[in-house]
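So the structure is just underneath, and the comments pick up after that.
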Amino acid sequence: MTTQRHQTHPDIIKRLNRARGHLQSVVSMIEDGRACLDIAQQLHAVEKAIQQAKKTLVQDHIDHCMEEAIGPLTANQREHVKDFKAIARYL
-7 MTTQRHQTHP DIIKRLNRAR GHLQSVVSMI EDGRACLDIA QQLHAVEKAI
43 QQAKKTLVQD HIDHCMEEAI GPLTANQREH VKDFKAIARY L
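Residue 18 in the working numbering sits at position 26 of the sequence shown, with consecutive numbering throughout.
This is the structure we're talking about:
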């Protein structure tokens, strides 16, 4: 297995650590009997942090790993890859 480190990995780790903190808050809030609205807001924060970490990881993979695997591209192929990258941001 090849080790891959990219420029965005520290940001992804920060997001996941933030999600971990929010998740721990949710557990504490439930144990303390806090209001459901407050718990739902924290769960939403966890969800968004993980979602953003995933999106950053996928975009990073597309930007670096995919192009390395494909190799040199024609101008037309490069345009198709550019379109793919653009549409993948909406996932």
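Think of the CB as a built atom: it goes at the ideal place given N, C-alpha and C, for glycine as much as any other residue.
Through-space distance from residue j to residue i, alpha-carbon basis
{"i": "Lys46", "j": "Asp24", "result": "31 Å"}
{"i": "Asp55", "j": "Lys74", "result": "10 Å"}
{"i": "Lys40", "j": "Asn68", "result": "36 Å"}
{"i": "Thr66", "j": "Lys6", "result": "37 Å"}
{"i": "Glu71", "j": "Cys28", "result": "48 Å"}
{"i": "Arg26", "j": "Ile79", "result": "40 Å"}
Residue range of the alpha helix (DSSP H) that includes residue i
{"i": "Gln34", "result": "28 to 53"}
{"i": "Pro2", "result": "1 to 23"}
{"i": "His72", "result": "67 to 80"}
Residues of its chain near residue i, where Cβ-Cβ distance is below 7 Å and the 5 sequence neighbours each way are ignored
{"i": "Gln34", "result": "His14, Ser17, Val18, Met21"}
Residues near residue i by beta carbon distance below 6 Å, same chain, minus five either side
{"i": "Phe76", "result": "none"}
{"i": "Ile4", "result": "Ala45, Thr48, Leu49"}
Residue burial classification, residue i (beta-carbon count within 10 angstroms, cutoff 16)
{"i": "Arg81", "result": "exposed"}
Nearest to residue i (by Cα), restricted to the options the options
{"i": "Arg10", "options": "Ala61, Gln43, His53", "result": "Gln43"}
{"i": "Val38", "options": "Gln(-1), Arg(-3), Leu8, Pro2", "result": "Leu8"}
{"i": "His36", "options": "Ile62, Arg12, Asp52, His53", "result": "Arg12"}
8 Å Cβ shell around residue i - same chain, five flanking residues per side excluded
{"i": "Ile31", "result": "Val18, Met21, Ile22"}
{"i": "Leu83", "result": "Lys47, Val50"}
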